[in-house]
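Enquirer: Mind looking over this structure? Questions follow.
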Amino acid sequence: MAYAGSFDHLFKVLLIGDAGVGKSSLLLRFTDDSFEEHMASTIGVDFKVKTVVVGGKTAKLTIWDTAGQERFRTLTSSYYRGCHGIILVFDVNERETFNHLQQWLEELDMYATVQNAAKLLVGNKIDLQQREVTVEEATAFARKQAMMYVEVSAKTRAGVRQAFEEVVQKILDTP
Ligand code: GDP
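Numbering-wise (numbering that gives the first Met the number 0), the sequence shown opens with residue 0 and increments by one.
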C-alpha cells in the first residue's frame, strides 16, 4: 500500500556540461520552480531531491549539480559513483559548449559506474534568439551516442519537466 513518502525507485541523476550552460538553473527550475537571471556560479548546488511519477511508478531522484567543479573540465570519480542517469547539458546559443560534449563523453567513459547509466542530451536556453546549434545537428550527435535529445529553457520552463521524466523513463528502460 502506498503511503506518503513511499517510492518504487531511488535514482541518482547527474547534470554535467560546461560552466554557464544552466545546470544549476535547470535543477532549481525542476525542484523548486525558481529561476534567477543572475545566478552566482560560485554558489552552486550540491544536490536536490525530487519525486516524480513516470509510467505509474514513483521515482525519488537525487539530482546532483557540479557546484562549479566543471570549470576545471574534470569531475571527481566520487561524483559519478553509483549514478543511474546523466543529463548532458549544453547551451544552444554557444557552439563551444556543444563542441565540448565529446570531451564530457570521453570523461564519462573513464568511469565504469557510468557505462550502463541512461544518458540524455539537453540543449538549454532556447528562449534566447542567438542559436548557434540547430535541432538537427544536436539530434544527429545524440543519435550517434544512443542518446535522446531534448530542448529546454530553464527560464521559461519549456521542456524542463519532460527532460527529467525522459531520463527516468530511460533509466527504467535500461536493462
Ligand atoms: P551552470 O554553471 O551550468 O550551473 O549554469 P547556471 O545555472 O549558473 O546558469 C548560468 C547563467 O545562465 C545564469 O545567469 C542563468 O540565469 C542563465 N540561464 C540558465 N538557464 C537559462 C535559460 O534557459 N535561459 C536564459 N536566458 N538564461 C539562462
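Virtual Cβ for every residue (Gly too), placed ideally from N, Cα, C. Computed from a prediction, not measured in an experiment: that's the story for all the values here.
(1) What span of residues does the beta strand (DSSP E) with Ile15 cover, start to end?
(2) Say yes only if the C-beta of Phe34 is nearer than 8 angstroms to one or more non-hydrogen atoms of the ligand GDP, and no if none qualify.
(3) Looking at the ligand GDP, does it come within less than 8 angstroms of Asn123, judged from the CB to the closest heavy atom?
(4) Is the separation between the beta-carbon of Leu107 and that of Ile86 shorter than 9 angstroms?
(5) Considering only the alpha carbon of each residue, which of Phe34, Ala117, Glu36 and Thr61 lies closest to Phe6?
(6) Suppose only complete runs of 4+ residues qualify. What are the alpha helix (DSSP H) ranges in the segment 49-125, listed by chain order?
(7) Since Ala117 and Lys169 should fall inside the 8 angstroms C-beta cutoff, what is the C-beta to C-beta distance between them, to a whole number of angstroms?
(8) How about Val20 and Thr96: are their beta carbons less than 9 angstroms apart?
(9) Whose C-beta lies closer than 8 angstroms to the C-beta of Thr100 among residues of the same chain, with five residues either side of it excluded?
(10) If you draw a straight line from the alpha carbon of Arg130 to that of His37, how long is it in whole angstroms?
(11) I'd like to confirm the pairing. Which residues does DSSP put opposite Val149 in its beta bridges?
(12) Using a threshold of 8 angstroms, is the CB atom of His37 nearer than that to any non-hydrogen atom of the ligand GDP?
Expert: The relevant details are as follows:
(1) His8 to Ile15
(2) yes
(3) yes
(4) no
(5) Thr61
(6) 76-79, 94-98 and 100-108
(7) 4 angstroms
(8) yes
(9) Strictly speaking, residue 100 in this sequence is Leu, with Thr absent from that position. If we look at Leu100 and ignore the five residues flanking it on each side, its Cβ neighbours are Gly16, Leu87, Phe89, Leu120 and Phe140.
(10) 20 angstroms
(11) Val121
(12) yes
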